[in-house]
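Novice:
Numbering (the working numbering), first residue to last: 595 to 848.
#1: Okay, do the stretch 691-704 and the stretch 729-746 touch, 3+ Cβ pairs below 8 Å being the bar?
#2: Please confirm whether residue 688 and residue 769 have their CB atoms less than 7 Å apart.
#3: For the alpha helix (DSSP H) containing residue 666, name the first residue and the last one.
#4: Just list the residues that DSSP pairs residue 642 with in beta bridges.
#5: What did DSSP end up calling residue 718 once you bin it into helix, strand or coil?
#6: Return the chain-ordered list of same chain residues with a C-beta closer than 6 Å to the C-beta of residue 791, the five sequence neighbours on each side being excluded.
#7: On the three-pair Cβ rule with 8 Å, is the stretch 678-685 touching the stretch 758-769?
#8: Report yes if the CB atom of residue 680 is closer than 7 Å to the CB atom of residue 764, and no otherwise.
#9: Quick one: grab the DSSP three-state call for residue 755.
#10: Beta-carbon within less than 6 Å of residue 641's beta-carbon, same chain only, minus the 5 sequence neighbours each way: which residues are those?
#11: As a quick exercise: from 695, 710, 662, pick the residue whose alpha carbon is nearest that of residue 703.
#12: Cβ of residue 752 within 7 Å of Cβ of residue 731?
#13: Out of 617, 758, 639, which one is the CA nearest neighbour of residue 648?
#14: Using three-state DSSP, classify residue 637 as helix, strand or coil.
#15: For residue 691, count neighbouring C-beta atoms within 10 Å of its own C-beta (all shown protein chains included) and say buried if the count is 16 or more, exposed if not.
#16: Going by Cα to Cα distance, which pick from 778, 646, 622, 657 is closest to residue 637?
#17: Rounded to whole angstroms, what's the CA-CA distance from residue 709 to residue 659? Just pull it up for me.
#18: Residue 740 lies in the alpha helix (DSSP H); which residues open and close that run?
#19: Rounded to whole angstroms, what's the CA-CA distance from residue 634 to residue 675? Just pull it up for me.
#20: Around the Cβ of residue 673, are there at least 16 other Cβ atoms within 10 angstroms (buried) or fewer (exposed)?
#21: Taking 8 Å as the limit between beta carbons, can you name the residues of its chain near residue 615, skipping five residues before and five after?
#22: Of all the options 625, 629, 630, 777, which has the alpha carbon lying nearest to the alpha carbon of residue 707?
#23: CB-CB under 7 Å to residue 655, same chain, minus the five flanking residues each way: which ones, in chain order?
#24: Identify whether residue 628 lies in helix, strand or coil by the three-state DSSP scheme.
#25: Would you say residue 629 and residue 714 are within 7 Å of each other, going by their C-beta atoms?
Here it is as structure tokens:
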């Protein structure tokens, strides 16, 4: 008995996809172990009330103490507010620069793209230190120049205020990394929107089973990546804001 060609081809496709499926599952298990186990240990350790080296005693007192402390709540709110405020102008500027570089013949576009790559690989610490040397209210270069020209009496710039921190965050890493990602996508037409009059093409594409399966899988992967990216973004923002708040100069008590 001879099987139809369609059946043979389907069997061959399934045979070819099985090793690929095994590799995908193995890679997901590896990522789950590498990324999930540390988070699991961190979560379980947060419920441990005992001192280091003592038998474990579990409870929710650590979480209650953290979320009832006014300083912790204020720091969390300030970190969220800083991240939200600097995210909006950073996305707007990065989309604008990416469109100008990829879709126009703007003079110096290649140079700006190269500068974005260079700025991404420069560590944050020297960039923050440079802004402090420029904007510090006591010894900043720009404030010293403004005072020497008798333009202002006090400090014109202060990187330790709310908007100063937003400016430093946005200028150090809020724009350049997004430009690096958006320029290739705009250059190769990932954001090209079809003409609204070609409704037939939209119908064929949206009703294609292969497209629907790919869209479903892409949304699952993208949602997981987006949630992880948002959590990592706010965690890094909280870490950086806390570090700069601690290292910011304070007036000596009288």
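The C-beta atom is built at its ideal place from N, Cα and C for all residues, glycine as well.
Bear in mind that the values here come from a model prediction, so they are computed numbers and not experimental data.
Specialist: So, from the data block:
#1: no
#2: As a first step, residue 688 is located in the chain shown; it is residue number 94 there, counting from the start. As a first step, residue 769 is located in the chain shown; it is residue number 175 there, counting from the start. Against a cut-off of 7 Å, the Cβ pair of residue 769 and residue 688 comes out as a contact.
#3: The residue given as residue 666 occupies position 72 in the chain shown. Start and end: 664-697.
#4: What you label residue 642 is simply residue 48 of the chain shown in a count that begins at 1. According to DSSP, which records beta bridges pairwise, residue 642 is partnered with 652.
#5: As a first step, residue 718 must be located in the chain shown, where it is residue number 124. Looking at residue 718 - three-state DSSP - the assignment turns out to be helix.
#6: Taking the first residue of the chain shown as position 1, residue 791 is located at position 197. Confidence in residue 791 is poor, its pLDDT being 41 and thus under 50, which makes the residue's placement unreliable; the coordinate value appears in the next sentence. Taken in chain order, the list of residues that qualify is empty.
#7: Taking one beta carbon from each stretch, the stretch 678-685 and the stretch 758-769 have 3 or more pairs nearer than 8 Å; the two touch.
#8: Taking the first residue of the chain shown as 1, we reach residue 680 at position 86. Taking the first residue of the chain shown as 1, we reach residue 764 at position 170. Yes, these two residues count as a Cβ contact at 7 Å.
#9: As a first step, residue 755 is located in the chain shown; it is residue number 161 there, counting from the start. If DSSP states are grouped into helix, strand and coil, residue 755 belongs with coil.
#10: Translated into positions along the chain shown, residue 641 becomes position 47. So the qualifying residues of the chain are 652.
#11: Working through the chain shown from its first residue, we reach residue 703 at position 109. Checked all of 695, 710, 662; the closest Cα to residue 703 is 695.
#12: Residue mapping note: residue 752 aligns to position 158 of the chain shown, counting from 1. Residue mapping note: residue 731 aligns to position 137 of the chain shown, counting from 1. Yes, they are a contact pair.
#13: Working through the chain shown from its first residue, we reach residue 648 at position 54. Looking at the Cα atoms, 639 is the closest of the given residues.
#14: Position 43 of the chain shown, counted from the first residue, corresponds to residue 637. Residue state for residue 637 is assigned as helix, using DSSP reduced to three classes.
#15: Residue numbering aside, residue 691 sits at position 97 when the chain shown is read from its first letter. Counting the other CB atoms within 10 Å of its CB gives residue 691 a total of 16 or more, which places it among the buried residues.
#16: Walking along the chain shown from the start, residue 637 turns up at place 43. The shortest C-alpha separation from residue 637 is found at 657.
#17: For the purposes of this step, residue 709 is taken as the residue at position 115 of the chain shown. For the purposes of this step, residue 659 is taken as the residue at position 65 of the chain shown. One C-alpha to the other measures close to 45 Å.
#18: On the chain shown, position 146 is the one that residue 740 refers to. Here the alpha helix (DSSP H) through residue 740 covers 735-742.
#19: In the chain shown, the residue the question calls residue 634 occupies position 40. In the chain shown, the residue the question calls residue 675 occupies position 81. Between residue 634 and residue 675, the C-alpha separation is close to 28 Å.
#20: Position 79 of the chain shown holds residue 673. The residue is buried, with at least 16 neighbouring Cβ atoms inside 10 Å.
#21: For the purposes of this step, residue 615 is taken as the residue at position 21 of the chain shown. Cβ neighbours of residue 615 beyond the five flanking positions: none.
#22: On the chain shown, position 113 is the one that residue 707 refers to. That would be 777, whose Cα lies nearest to the Cα of residue 707.
#23: For the purposes of this step, residue 655 is identified with residue 61 of the chain shown, where counting begins at 1. Answer for residue 655: 643, listed in chain order.
#24: As a working note, residue 628 is residue 34 in the chain shown. Of the three classes helix, strand and coil, the one that applies to residue 628 here is helix, per DSSP.
#25: Translated into the one-based positions of the chain shown, residue 629 becomes position 35. Translated into the one-based positions of the chain shown, residue 714 becomes position 120. No, Cβ-Cβ distance for residue 629 and residue 714 is not below 7 Å.
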